[in-house]
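Counting from 1, position 30 in the sequence shown corresponds to residue 30 in full-length UniProt numbering; the numbering is continuous, with no gaps.
The C-beta atom is built at its ideal place from N, Cα and C for all residues, glycine as well.
Just so we're clear, the structure is a prediction, and the values are computed from it rather than from any experiment.
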Amino acid sequence: MIRHGESMKRILPDLFAGDEVRAERYHRGWAFQMKCGQLGRQLWFEYSPHGLWTAIGTWRTLDTGLWLAARLRAGTHFWDESCQTARLYGEDVYSALRDEV
1 MIRHGESMKR
11 ILPDLFAGDE
21 VRAERYHRGW
31 AFQMKCGQLG
41 RQLWFEYSPH
51 GLWTAIGTWR
61 TLDTGLWLAA
71 RLRAGTHFWD
81 ESCQTARLYG
91 EDVYSALRDE
101 V
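See the structure below:
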C-alpha cells in the first residue's frame, strides 16, 4: 500500500509495516509509529531514518496516519508528544530550541 508517498505492507490482518512507518489496529483506530529523533530536551520528535521507533498517535484511518507520516518525513511538521499533535515548524519552535543551548 502506498499513500501520500508512504509505503507499508500488510504483515497480519491488523498490522501494516514499512521500513520507517508502521501501524497496528486498536479498538479506537490505528496506532502509528515512525522512526524519529528527539528535538532538544522537549518531548518533540522529528523524522529520522536512523531514529528509534516513536509513537505518532492513534488515528481513525490508515490514510490519516500516513498523511501525518508524510508531513513528518517532508520536514514541515514535528510530533509534539506533550499534546499528542503534529505541529508546524515556526520561529517559536526554533527559538525554544536555541534557548536550550
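DSSP state of residue i mapped onto helix, strand, coil
i            : result
glutamate 46 : strand
threonine 64 : helix
serine 7     : strand
Rounded separation between residue i and residue j - CA only
i           : j            : result
leucine 68  : alanine 86   : 7 Å
leucine 12  : arginine 25  : 10 Å
alanine 96  : glycine 40   : 9 Å
serine 61   : glutamate 91 : It is worth fixing the name first, because residue 61 is threonine in this sequence and not serine. Their Cα atoms are separated by approximately 31 Å.
leucine 88  : alanine 55   : 18 Å
leucine 66  : leucine 72   : 10 Å
arginine 28 : arginine 98  : 37 Å
Residues bridged to residue i [DSSP beta-bridge criterion]
i            : result
aspartate 80 : Trp44 and Thr85
glycine 90   : Bridge partners of glycine 90: none, in fact.
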